[in-house]
Amino acid sequence: MERTLSEELWDRHHTPVFNYFRQITFREDLAEDLTQETFLRVVRSVGDYCEQGRERAWIFRIAASVLGDSRRRAAVRPRLVPLEETVSGGRAATASTRLLLEEALVRLNPEEREAFLLREWGGLSYQEISAATGATPDAVRSQIYRARTTLRRLLEPLRKGLTARWGDPPEAREESL
Amino acid sequence: MNQIFEERLSAFVDGEPVDPAELLEALNQTGARELLLDFLALRIEARTVAERAVPGTLVARCSAGHRVPRFSRRWRTVAAALLIGLAGLGGWQLHAWNSAAGRAETSPPLPTGAREIHFAPGAWK
């Protein structure tokens with residue numbers, strides 16, 4: 413059965429887009445709505461896409477635009493909830509690097525987190541993040557730098573392990589998590 | 004290493020333009036190598052988190068492994084055959100109706116009157 417381009421884009425990118433919205437809004441229901449809206453726009457404008465090899469950046473630019481529209485429409489603000497009730501789903505902290513990283517992301521300043529996620533998950537350049545968020549490229553550069561150093565500090569107990577595992581093949585890293 | 008050097012290395016990791024002389028200066032600082040490796044390790048871990056589906060969410064259920072069943076090829080074939088059959092039946096029925104109507108139009112007109120001829124025996128002898 414042949415698959416459309418829109419279906420392939422959905423399969424390749426919907427999880428990072430959903431996770432991006434979840435990290436920004438702290439709400440899974442809202443993140444789902446925003447993901448759906450993003451991919452509706454993707455489907456509508458898929459014919460205009462011409463940046464070969466930068467699919468994810470293109471989709472994340474649309475996602476950032478959807479988020480901006482949503483904020484303007486409903487004045488969306490992150491719902492403040494205790495850290496243990498957020499991304500870890502209330503589970504006790506484990507030694508899993510991923511969970512610790514998710515929890516560390518929650519602790520970032522909102523602007524820093526958004527810039528960092530657009531860079532690392534979306535692959536946007538500083539200029540593109542600047543256009544998406546309204547911050548200047550220099551501010552974006554500082555936000556991403558601060559996010560990195562904060563995460564590095566928060567993950568300090570795992571830092572040596574992270575760096576050591578970096579040279580391992582992906583399977584080995586996966587097993588070690 | 005001060006913040007300016009660290010920020011340069013962060014931008015370098017992102018592929019953003021950094022002045023080569025300034026980059027060299029940053030790379031010569033103590034701890035530069037360790038910082039670069041940490042930034043790269045953080046990137047790899049962050050991208051792993053990005054791809055992690057959240058169980059139970061609608062988005063996770065709609066992933067490739069949990070696709071909503073689609074109208075399969077077999078059923079599409081059956082439906083197409085049924086449609087063709089119905090169309091054929093409809094065409095045949097239409098043809099039959101047209102034929103009946105055609106026959107009705109070409110039949111000879113009914114007689115309007117009759118003349119009775121009486122036979123007289125021996126008249127033509």
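Chain order of the listed sequences is A and B.
Residue 413 is where the first sequence starts when you use our numbering, and the numbers rise one by one after that.
Residue 4 is where the second sequence starts when you use our numbering, and the numbers rise one by one after that.
All C-beta atoms in this analysis are idealised placements derived from N, C-alpha and C, irrespective of residue type, glycine included.
Kindly indicate which residue of the options has the alpha-carbon position closest to the one of residue i.
i: T427 of chain A; options: B:V57, B:L43, B:N31; result: B:V57
i: E420 of chain A; options: A:Y432, A:F438, A:F430, A:V454; result: A:V454
i: I436 of chain A; options: A:R564, A:S418, A:W533; result: A:W533
i: F591 of chain A; options: B:R118, B:A123, B:R50; result: Within the shown structure, residues of chain A are numbered from 413 to 589, placing residue 591 of chain A beyond reach of any answer.
i: E524 of chain A; options: A:R564, A:E515, A:V552, A:Y461; result: A:V552
i: L417 of chain A; options: A:N521, A:R456, A:I556, A:R558; result: A:R456
i: N431 of chain A; options: A:R510, A:T548, A:L567; result: A:R510
i: S537 of chain A; options: A:F472, A:G459, A:F451; result: A:F472
i: E540 of chain A; options: A:W470, A:E515, A:L517, A:E440; result: A:W470
i: L517 of chain A; options: A:E449, A:F438, A:G480; result: A:F438
i: W422 of chain A; options: A:E467, A:T548, A:G459, A:P522; result: A:E467
i: R558 of chain A; options: A:G535, A:E526, A:C462; result: A:E526
i: Q32 of chain B; options: B:P20, B:E54, B:E48, B:I7; result: B:I7
i: G480 of chain A; options: A:R531, A:D550, A:E449, A:P549; result: A:E449
i: P522 of chain A; options: A:V458, A:I556, A:Q464, A:V429; result: A:I556
i: G18 of chain B; options: A:T548, A:C462, A:G535; result: A:G535
Report, in whole angstroms, the separation of the C-beta atoms of residue i and residue j, which I expect to be a contact under 8 Å.
i: T12 of chain B; j: A29 of chain B; result: The question names Thr, but residue 12 of chain B is Leu in the sequence shown. Yes, they are in contact, since the Cβ atoms of L12 of chain B and A29 of chain B sit about 5 Å apart, within 8 Å.
i: R560 of chain A; j: F42 of chain B; result: 6 Å
i: R513 of chain A; j: V16 of chain B; result: The residue asked about is misnamed: residue 513 of chain A is Leu in this sequence, not Arg. With a Cβ gap of about 17 Å, L513 of chain A and V16 of chain B do not count as contacting.
i: L563 of chain A; j: L45 of chain B; result: 6 Å
i: S482 of chain A; j: E10 of chain B; result: Rounded, the Cβ-Cβ distance is 31 Å, inconsistent with contact.
i: R519 of chain A; j: L566 of chain A; result: 6 Å
i: M4 of chain B; j: L27 of chain B; result: About 14 Å; that fails the 8 Å criterion.
i: F451 of chain A; j: A443 of chain A; result: Not quite, the Cβ-Cβ distance comes to about 13 Å (not below 8 Å), so this is no contact.
On the DSSP letters alone, give me the boundaries of the alpha helix (DSSP H) that residue i sits inside.
i: Y538 of chain A; result: 538-545
i: Y461 of chain A; result: That residue, Y461 of chain A, is in no alpha helix (DSSP H); it is neither H nor E in DSSP.
i: N431 of chain A; result: 417-437
i: I47 of chain B; result: 35-53
i: V57 of chain B; result: That residue, V57 of chain B, is in no alpha helix (DSSP H); it is neither H nor E in DSSP.
i: T561 of chain A; result: 549-566
i: E515 of chain A; result: 509-518
i: Q6 of chain B; result: 6-16
i: E526 of chain A; result: 522-532
i: P23 of chain B; result: 23-30
Can you find a heavy atom of the ligand NAP that lies under 7 Å from the Cβ of residue i?
i: E523 of chain A; result: The ligand NAP is not among the ligands present in this structure, which contains no ligands whatsoever.
For this session: Answer yes if the segment 544-559 of chain A comes into contact with the segment 465-480 of chain A, meaning at least three C-beta pairs across the two stretches below 8 Å, and no otherwise.
Result: yes
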